[in-house]
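Residue numbers (the working numbering): -10 to 276.
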């Protein structure tokens, strides 16, 4: 605003212009405005900016480790970053990259952790800590998996990186947990397909629902959603008048999951017989 108040002639003056004109202009300004203007100029001079001070790498790394152990994960991450910034070619820098990623992960700063891990993997693909870097990268996506009613892009990313761990480092100590999480990720993706399929079935879109349920049976056959998917297929086929397909699907369900509640439902539907007792007690207590 002060600059806007300057006369056009003053703004266009050469630096050799007689300072008398400038002095006369500032004499007309309120005292406070002059103080503010001087303060702004002084602030731009850079005198208040902290000067860069290089610290010994051991001191920085030790302080970062102490902060991490104290639970100050964000402070630790920034200190580990400082190790790499100040001593990029030291042996400490490589380790600091990975430690910074871990600290960011612990603080749920997943984007920062992912960026640090990708950089580590790119720069040090044969490092002995590469299996852990891939595993931690998978965890960054795995921790962001959302409810089955929402987008599953994070699940797919997690699955991709978890499979990298099991295929590239099958004998590493991270492979077993990665396999477990792969099963859970597949189960989550199957749950998403079931959720969409059930919605389509409720709306009477049986053909689209059949495609979803068959996808579960064919692609996610080791998941917990397969019995229900077979039952829903039986329902859809019956609704469309495809009785032979309905009976075949119910038979597959009975062969693979004979004790399933979903099979009892399918059997009662295609055979028109009541298996469950009329009482409120569970069906298996009939015997």
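Just so it is clear, CB atoms sit at the ideal spot from N, CA and C, and this is done for glycine as well.
Quiz item: Which of the three DSSP states, helix, strand or coil, is assigned to residue 253?
Solution: Note: residue 253 maps to helix in three-state DSSP.
Quiz item: Which word fits residue 159, buried or exposed, when buried means at least 16 other C-beta atoms lie within 10 angstroms of its C-beta?
Solution: Looking at its Cβ environment, which holds fewer than 16 other Cβ atoms inside 10 Å, residue 159 is exposed.
Quiz item: Measuring CA to CA, which of 219, 107, 210 and 228 is closest to residue 91?
Solution: The shortest Cα separation from residue 91 among 219, 107, 210 and 228 belongs to 107.
Practice problem: Throw me the rounded Cβ distance for the residue 222 and residue 191 pair, which I believe falls under 8 Å. | Solution: Incorrect: roughly 15 Å between the Cβ atoms, too far for contact.
Self-check item: Span of the alpha helix (DSSP H) around residue 213
Solution: In this chain, residue 213 is not harboured by any alpha helix (DSSP H), its DSSP state being neither H nor E.
Self-check item: Contact check, residue 122 vs residue 110, beta carbons under 8 Å
Solution: Cβ distance < 8 Å, so residue 122 and residue 110 count as in contact.
Quiz prompt | contact_flag[the stretch 202 to 217, the stretch 159 to 179] where n(CB pairs < 8 Å) is 3 or more | solution = Contact between the stretch 202 to 217 and the stretch 159 to 179 is present: three or more C-beta pairs spanning the two stretches fall below 8 Å.
Quiz item: Thinking just about the alpha-carbon of each residue, which of 80, 186 and 125 is nearest to the one in residue 164?
Solution: When each option's Cα is compared against that of residue 164, the closest is 125.
Quiz prompt | Backbone secondary structure at residue 118 - three-state DSSP | solution = DSSP places residue 118 outside both helix and strand once states are collapsed to three, so it counts as coil.
Quiz item: In terms of residues, what are the limits of the alpha helix (DSSP H) holding residue 165?
Solution: In the DSSP annotation of this structure, the continuous segment of the alpha helix (DSSP H) that includes residue 165 starts and ends at 164 to 191.
Self-check item: Coil, strand or helix - residue 261 by DSSP
Solution: In the three-state reduction of the DSSP assignment, residue 261 falls in the coil class, being assigned neither a helical nor a strand state.
Self-check item: C-alpha distance - residue 142 paired with residue 187, whole-angstrom precision
Solution: Cα to Cα, residue 142 sits roughly 21 Å from residue 187.
Quiz item: By how many angstroms is the C-alpha of residue 233 removed from the C-alpha of residue 218?
Solution: When rounded, the distance between both Cα atoms is 17 Å.
Quiz item: Nearest-angstrom Cα distance between residue 128 and residue 87?
Solution: So the alpha carbons of these two residues sit roughly 14 Å apart.
Practice problem: Tell me whether the beta-carbon of residue 53 lies closer than 8 Å to the beta-carbon of residue 72. | Solution: Yes, the pair counts as a contact, with Cβ atoms nearer than the cut-off.
Exercise. Pick helix, strand or coil for residue -4, following the three-state DSSP scheme.
Key: In this prediction, residue -4 has a pLDDT of 41, which is less than 50 and means its spatial position is unreliable; nothing more can be read from the coordinates.
Quiz prompt | Nonlocal neighbours in the same chain, by C-beta distance under 7 Å from residue 236, ignoring five residues either side | solution = If the five residues before and after residue 236 are omitted, its C-beta is found closer than 7 Å to the C-beta atoms of 259, all from its own chain and listed in chain order.
Quiz item: Whose C-beta lies closer than 8 Å to the C-beta of residue 153 among residues of the same chain, with five residues either side of it excluded?
Solution: The answer, listed in chain order, is 123 and 127.
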